[in-house]
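Taken in order, these protein sequences are the chains called A and B.
The opening position of the first sequence corresponds to residue 8 in the working numbering, with each subsequent residue numbered one higher.
The opening position of the second sequence corresponds to residue 17 in the working numbering, with each subsequent residue numbered one higher.
Cβ coordinates follow ideal geometry from the N, Cα and C atoms, glycine included.
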Amino acid sequence: MAAMRDKPKTIFTSIDWFTILLYLLLLAFGWMSICGACYEYGEPKDILSLASLGTRTGMQLVWIGSSMVLGAVILMLDDRIFDTFAYFIYAALLLLLLATPFLAHDIKGSMSWIKIGSFSLQPAEFAKFATALVLAKFMSGYGFRLEGSWRNMAICMALIVAPMALIVLQKETGSALVYFSLLLMLYREGMPGSVLFTGISAVTYVVVGLRFADVMVLSGTTSLGVLLVMLLIVVFVAGLIFAYARPSVLQRENAGESRAAAHTYRLALISTLGLALGGMAFVVGVAHFWFPRVQPMSWLPFDVAPLLVVICGALILRLLWIGLSSHIYRYVYIALFAFGSMAVFFSAHTLVDHLAPHQRTRVMVLLGLEEDPNGVGYNQIQSKIAIGSGGLEGKGFLNGTQTKLKYVPEQETDFIFCTVGEEQGFIGSAAVLVLFLLLLLRLIYLAERQPYAFGRVYGYCVFSVFFFHVLINIGMVLGLMPVIGIPLPFFSYGGSSLWGFTLLLFIFLRIDAGRIRMQR
Amino acid sequence: MADVHLSNRKFVLGTSAVLVVIIYIVRLFTLQLMSDDYARRADSNALMRRIQFPARGAITDRRGKLLVYNQPAYDIMVVMREQVGVDTLDLCQSLGIDTTWYHRRMAEIKDRYRNPGYSPHTPQLFMSQLSVEEFSNFQEKLFRFPGFYIQKRSIRQYTGPYAAHIIGDVGEVNPADIEADDYYRSGDYIGKQGVERSYERQLRGIKGSEIVLRDVHGRIKGRYQDGRFDQRPIPGKNLVLSIDLELQKLGERLMRGKLGSIVAIEPATGEILCMVSAPSYDPRTMVGRQRGKKHRELSLDPMKPLLNRAIMGQYPPGSTFKTSQALTFLQEGIITPQTSFSCSHGFHFKGLTVGCHGHPSPLPLVPAIGTSCNGYFCWGLYYMLGNRTQFHSTQEAMTCWKDHMVAMGFGYKLGVDLPGEKRGLIPNAAYYDKAYKGSWTGLTVISISIGQGEVTLTPLQIANLGATIANRGWFITPHIVREIQGEDLDTLYTQRRYTRVSPVHYETVVEGMQRAVEGGTCRSAKNPWYVTCGKTGTAQNRGHDHSVFMGFAPRDNPQIAIAVYVENGGWGANYGVPLGALMMEQYINGHLSPESEAKAETFANKTIDYGSYAR
Numbered sequence: 008m009a010a011m012r013d014k015p016k017t018i019f020t021s022i023d024w025f026t027i028l029l030y031l032l033l034l035a036f037g038w039m040s041i042c043g044a045c046y047e048y049g050e051p052k053d054i055l056s057l058a059s060l061g062t063r064t065g066m067q068l069v070w071i072g073s074s075m076v077l078g079a080v081i082l083m084l085d086d087r088i089f090d091t092f093a094y095f096i097y098a099a100l101l102l103l104l105l106a107t108p109f110l111a112h113d114i115k116g117s118m119s120w121i122k123i124g125s126f127s128l129q130p131a132e133f134a135k136f137a138t139a140l141v142l143a144k145f146m147s148g149y150g151f152r153l154e155g156s157w158r159n160m161a162i163c164m165a166l167i168v169a170p171m172a173l174i175v176l177q178k179e180t181g182s183a184l185v186y187f188s189l190l191l192m193l194y195r196e197g198m199p200g201s202v203l204f205t206g207i208s209a210v211t212y213v214v215v216g217l218r219f220a221d222v223m224v225l226s227g228t229t230s231l232g233v234l235l236v237m238l239l240i241v242v243f244v245a246g247l248i249f250a251y252a253r254p255s256v257l258q259r260e261n262a263g264e265s266r267a268a269a270h271t272y273r274l275a276l277i278s279t280l281g282l283a284l285g286g287m288a289f290v291v292g293v294a295h296f297w298f299p300r301v302q303p304m305s306w307l308p309f310d311v312a313p314l315l316v317v318i319c320g321a322l323i324l325r326l327l328w329i330g331l332s333s334h335i336y337r338y339v340y341i342a343l344f345a346f347g348s349m350a351v352f353f354s355a356h357t358l359v360d361h362l363a364p365h366q367r368t369r370v371m372v373l374l375g376l377e378e379d380p381n382g383v384g385y386n387q388i389q390s391k392i393a394i395g396s397g398g399l400e401g402k403g404f405l406n407g408t409q410t411k412l413k414y415v416p417e418q419e420t421d422f423i424f425c426t427v428g429e430e431q432g433f434i435g436s437a438a439v440l441v442l443f444l445l446l447l448l449r450l451i452y453l454a455e456r457q458p459y460a461f462g463r464v465y466g467y468c469v470f471s472v473f474f475f476h477v478l479i480n481i482g483m484v485l486g487l488m489p490v491i492g493i494p495l496p497f498f499s500y501g502g503s504s505l506w507g508f509t510l511l512l513f514i515f516l517r518i519d520a521g522r523i524r525m526q527r
Numbered sequence: 017m018a019d020v021h022l023s024n025r026k027f028v029l030g031t032s033a034v035l036v037v038i039i040y041i042v043r044l045f046t047l048q049l050m051s052d053d054y055a056r057r058a059d060s061n062a063l064m065r066r067i068q069f070p071a072r073g074a075i076t077d078r079r080g081k082l083l084v085y086n087q088p089a090y091d092i093m094v095v096m097r098e099q100v101g102v103d104t105l106d107l108c109q110s111l112g113i114d115t116t117w118y119h120r121r122m123a124e125i126k127d128r129y130r131n132p133g134y135s136p137h138t139p140q141l142f143m144s145q146l147s148v149e150e151f152s153n154f155q156e157k158l159f160r161f162p163g164f165y166i167q168k169r170s171i172r173q174y175t176g177p178y179a180a181h182i183i184g185d186v187g188e189v190n191p192a193d194i195e196a197d198d199y200y201r202s203g204d205y206i207g208k209q210g211v212e213r214s215y216e217r218q219l220r221g222i223k224g225s226e227i228v229l230r231d232v233h234g235r236i237k238g239r240y241q242d243g244r245f246d247q248r249p250i251p252g253k254n255l256v257l258s259i260d261l262e263l264q265k266l267g268e269r270l271m272r273g274k275l276g277s278i279v280a281i282e283p284a285t286g287e288i289l290c291m292v293s294a295p296s297y298d299p300r301t302m303v304g305r306q307r308g309k310k311h312r313e314l315s316l317d318p319m320k321p322l323l324n325r326a327i328m329g330q331y332p333p334g335s336t337f338k339t340s341q342a343l344t345f346l347q348e349g350i351i352t353p354q355t356s357f358s359c360s361h362g363f364h365f366k367g368l369t370v371g372c373h374g375h376p377s378p379l380p381l382v383p384a385i386g387t388s389c390n391g392y393f394c395w396g397l398y399y400m401l402g403n404r405t406q407f408h409s410t411q412e413a414m415t416c417w418k419d420h421m422v423a424m425g426f427g428y429k430l431g432v433d434l435p436g437e438k439r440g441l442i443p444n445a446a447y448y449d450k451a452y453k454g455s456w457t458g459l460t461v462i463s464i465s466i467g468q469g470e471v472t473l474t475p476l477q478i479a480n481l482g483a484t485i486a487n488r489g490w491f492i493t494p495h496i497v498r499e500i501q502g503e504d505l506d507t508l509y510t511q512r513r514y515t516r517v518s519p520v521h522y523e524t525v526v527e528g529m530q531r532a533v534e535g536g537t538c539r540s541a542k543n544p545w546y547v548t549c550g551k552t553g554t555a556q557n558r559g560h561d562h563s564v565f566m567g568f569a570p571r572d573n574p575q576i577a578i579a580v581y582v583e584n585g586g587w588g589a590n591y592g593v594p595l596g597a598l599m600m601e602q603y604i605n606g607h608l609s610p611e612s613e614a615k616a617e618t619f620a621n622k623t624i625d626y627g628s629y630a631r
């Protein structure tokens with residue numbers, strides 16, 4: 008320890024250079040993609056003309072350069088100011104968000120851009136680090152516990168929802184959804200996993216149910232959406248029984264007698280997997296094989312959905328009975344979960360069905376299930392074509408045709424990953440995914456090594472935001488996720504998002520660099 | 017304790033990140049490496065083959081005179097996105113259109129149902145095929161009309177108002193053409209009639225293509241790989257027709273004001289020297305923007321000017337057919353040149369009468385042809401169909417007769433290289449069995465021997481009969497194209513087709529046809545320069561008789577065989593003989609003598625009143 012104290016601790020030795028390296032690699036990859044996406048066919052391909060100001064590639068270089076300066080400045084600041092000014096920064100940004108719609112000029116229906124001189128900035132991009140800071144500050148308070156404290160949970164949710172609401176007012180729903188990712192951080196900090204799970208499953212029911220509502224099972228009259236959701240509910244219930252009502256779990260958490268618990272557990276699992284799941288398979292099978300076909304091309308003669316719902320209802324009653332009779336109330340909660348699941352699904356379904364057609368379209372667009380009426384699925388089809396045409400090694404730098412000839416919409420912003428896929432091929436795009444994975448895992452590692460909750464909470468916020476952006480953006484481009492317009496960190500064109508992500512990341516690096524002094 | 021429990025959650029988060037990335041890499045793998053479907057779709061997205069049109073082949077007559085060529089024309093294109101602030105009134109005045117037409121056309125362009133390829137970024141056709149004069153007027157003011165462009169293309173042009181039926185015309189392809197041949201794309205041009213249609217494959221050439229890169233709005237961004245895969249168009253082949261333009265001109269002049277046809281054939285080659293169908297029309301009116309309107313107008317004309325009567329008109333051949341009968345009877349041994357039949361103003365037998373004009377009787381074959389005796393040929397057919405030593409039945413005799421006719425090129429299409437040829441009608445035994453329920457004899461069908469009754473021929477078939485007699489027993493399928501640049505003619509047009517009659521019998525018939533000119537029905541065809549052989553025909557029909565002539569000249573080494581058919585022209589000698597004589601003189605001498613010229617002018621000015629012609 009003495010030797011360490013003698014050695015002057017500078018920022019250069021305590022900074023996490025690995026993350027900086029990943030950051031620089033991603034920036035380099037990102038700029039190449041911007042070049043590919045913005046390159047106009049027939050222009051010179053040398054580096055000087057690409058870097059010249061006035062072109063988008065040149066502008067992006069300016070943003071990258073200024074981001075690096077911004078990062079360096081943050082690293083030179085005293086790490087305590089983030090802690091000290093967290094509330095102030097948060098309040099200032101909320102005010103800015105509140106003012107934005109009044110100062111903004113309309114860009115494609117979005118009211119989120121403020122014009123300063125010749126630059127446009129999007130305050131929503133900077134609210135992320137402010138929200139992360141305020142959560143870190145609040146959750147690192149003395150004696151703070153998230154588990155078992157509804158009050159603390161509610162305050163955290165309020166801190167998250169406030170900027171979200173303001174961003175929704177700016178008609179940037181995609182950016183607002185990003186804040187939901189902070190639930191991941193809350194989960195790490197002690198929010199019950201069941202809350203996260205319930206939230207994710209509710210979203211899944213609605214999205215899956217609506218997405219497949221008009222697909223018919225075996226060309227009959229049964230909606231695939233209903234069938235899938237009923238199956239999901241049964242599978243989730245089985246998963247919950249396994250996770251929360253296993254005898255060993257109950258014993259560890261003193262929630263029930265072990266001998267009775269083992270019997271009840273077996274009974275519940277048999278009811279769920281055997282009776283409910285088996286019953287559904289039986290209904291579909293009987294309808295398919297033993298009933299005469301009404302129409303020649305239909306392999307399911309009548310709508311089996313009501314039967315499936317009845318089976319689900321029976322399962323709920325059965326679990327209620329098991330819970331109440333054995334006094335293991337976790338079964339009651341699981342039954343309530345199943346009931347809630349059905350309620351969420353059917354109320355969303357009914358709501359959407361009773362909307363006027365244009366409103367229905369708007370909801371579907373919001374959920375990313377439908378695009379604007381004159382091009383259903385156009386963006387995703389074009390982006391899949393662009394990526395698919397890249398092959399193993401890609402078409403080479405500036406040689407892509409799809410992105411260059413503007414077949415992919417929003418190609419330099421939300422759909423930038425197409426350019427990577429087309430020009431760098433499988434090797435390049437897989438490499439980018441691996442770089443992002445390394446960054447995410449590194450963020451977890453760095454967050455976990457923080458001596459204080461402040462750094463750890465902030466670190467997990469950074470992780471959650473990056474994870475959500477990568478998950479949604481690349482998933483959308485690959486056609487696996489609904490189309491939600493959010494940028495890919497370090498790749499999408501634009502100064503605001505690049506500055507926003509740099510701020511978010513480098514503040515964490517600065518906090519991390521200060522961990523040893525704080526330890527002393 | 018609780019903290020340790022919570023810190024395990026880092027594994028849940030880390031694992032989910034790893035899982036997401038693995039799923040995404042698998043997805044990338046399937047998209048990029050499992051199938052090349054996406055790569056192909058990308059190419060069809062971005063690469064556009066731009067067609068380059070070849071020049072259509074030119075057409076000349078047998079002496080090298082140009083008949084059809086290509087002329088530059090101009091299309092006016094408009095890019096909707098760029099045409100803002102154009103003075104509509106000024107534009108309309110420069111183009112000679114009215115504003116309602118302008119607005120209707122603009123609406124049509126934007127209508128995606130009528131114009132499926134519409135994009136506001138790419139040039140759309142506004143007006144097509146402006147002539148040089150119309151265009152030069154507009155070009156001076158072009159700078160005032162942003163968004164309007166000129167696109168050069170070529171249209172067919174004809175040197176004179178002649179040979180419309182032979183040359184035909186070109187028009188835009190219809191869906192059936194596109195269906196039949198995938199060479200064509202919507203908006204392409206294709207030969208619609210005449211040689212333009214029958215030699216479409218040679219005339220059209222081969223389209224070239226350049227591959228260009230196109231952006232999502234359809235704007236051209238450059239040439240793919242600097243044109244490495246581009247193909248230059250190969251121009252169409254030029255055609256030399258066998259037509260003699262001067263002869264064709266004379267024929268069309270002589271047929272003014274009449275309905276009918278003149279066909280002349282070079283016997284040694286089967287080349288068609290002229291093919292006149294009257295009434296005709298000026299092919300120069302069938303180009304450019306007026307084509308559709310003009311075509312509609314012509315198709316409604318009761319005189320049917322679009323009908324090529326030379327190959328589509330099926331007429332009773334009248335007495336010209338007697339030559340074919342004489343040949344058949346001689347070959348089958350029914351008669352010899354010395355056989356005489358009596359004729360007292362016609363054929364009278366068992367109450368049946370076929371009338372004839374006054375001439376000495378009985379007559380042997382040569383003078384019978386010369387005076388065109390009906391009785392002689394009726395007796396001939398009667399004896400042939402009733403001959404039970406040679407034939408077991410009337411049917412068998414009829415079949416033998418029919419085979420002779422078919423071998424002479426009747427009853428079936430000859431195979432001329434023009435579209436729409438008709439086959440005429442040569443009845444056979446089955447035809448009469450059906451018509452008369454089996455009970456018929458030579459007497460029942462006697463009128464076919466004098467080219468009446470059921471028999472019909474096209475003027476081309478009549479001319480071909482002349483060519484066959486001129487050749488003494490063979491012909492080459494008549495054809496209108498003499499040479500195709502860089503390609504041999506179809507062997508159909510180089511091979512001789514022999515009839516079933518031996519040459520010695522032909523000499524007898526030639527003798528008879530010479531007699532007709534020198535002292536028979538064709539006396540006005542006699543001339544001091546060469547020996548002409550001919551045969552008149554006066555075909556009875558519902559109205560006034562048709563005037564027909566079939567002949568060839570000179571008698572030895574014939575240069576031209578001809579058929580003249582003037583509807584309702586009366587006696588063969590009224591129109592057929594003089595017109596045929598003038599045509600032969602023009603071809604053989606290369607010009608008309610002053611007396612003949614005067615005669616030609618007289619005939620050119622004669623018109624026949626067809627009243628309310630409807631058929």
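Item, Value
"Within-7 Å CB hit, Y54/B to chain A", "yes"
"Straight-line Cα distance separating L399/A from I88/A", "48 Å"
"C-beta neighbour in chain B for E455/A, strict 7 Å", "yes"
"Beta carbon proximity, I227/B to chain A, threshold 7 Å", "no"
"Boundaries (first-last residue) of the beta strand (DSSP E) holding I576/B", "I576 to V582"
"Whether D91/B touches S144/B by CB criterion (7 Å)", "yes"
"Alpha-carbon spacing of V34/B relative to L444/A, whole angstroms", "7 Å"
"7 Å Cβ cutoff, I41/B in contact with chain A", "yes"
"Whole-Å CB distance - H476/A paired with I493/A, under 8 Å assumed", "6 Å"
"Buried versus exposed call for Y581/B [16 or more other C-beta atoms within 10 Å across all chains shown]", "buried"
"Secondary structure, beta strand (DSSP E): runs of 3+ residues fully inside the region 178 to 210 of chain B", "186 to 188 and 205 to 207"
"V102/B: CB within 6 Å of a non-hydrogen atom of the ligand ADP", "The ligand ADP is not among the ligands present in this structure, which contains no ligands whatsoever."
"Interface partners of I479/A on chain B, CB under 7 Å", "Neighbours of I479/A on chain B: none; closest Cβ ~10 Å, over 7 Å."
"Three-state secondary structure assigned by DSSP to V517/B", "coil"
"Cβ of F27/B within 7 Å of any chain A Cβ", "no"
"Contact check, A597/B vs A541/B, beta carbons under 7 Å", "yes"
"Cβ pair count under 8 Å reaching 3, the region 67 to 76 of chain B against the region 113 to 121 of chain B", "no"
"Range covered by the alpha helix (DSSP H) that runs through S354/A", "R337 to H361"
"Outcome for W117/B when other beta-carbon atoms lying within 10 angstroms are tallied against a minimum of 16", "exposed"
"Check whether T138/A and P108/A have beta carbons under 7 Å apart", "no"
"Terminal residues of the alpha helix (DSSP H) in which D625/B lies", "No alpha helix (DSSP H) contains D625/B, which DSSP labels as neither H nor E."
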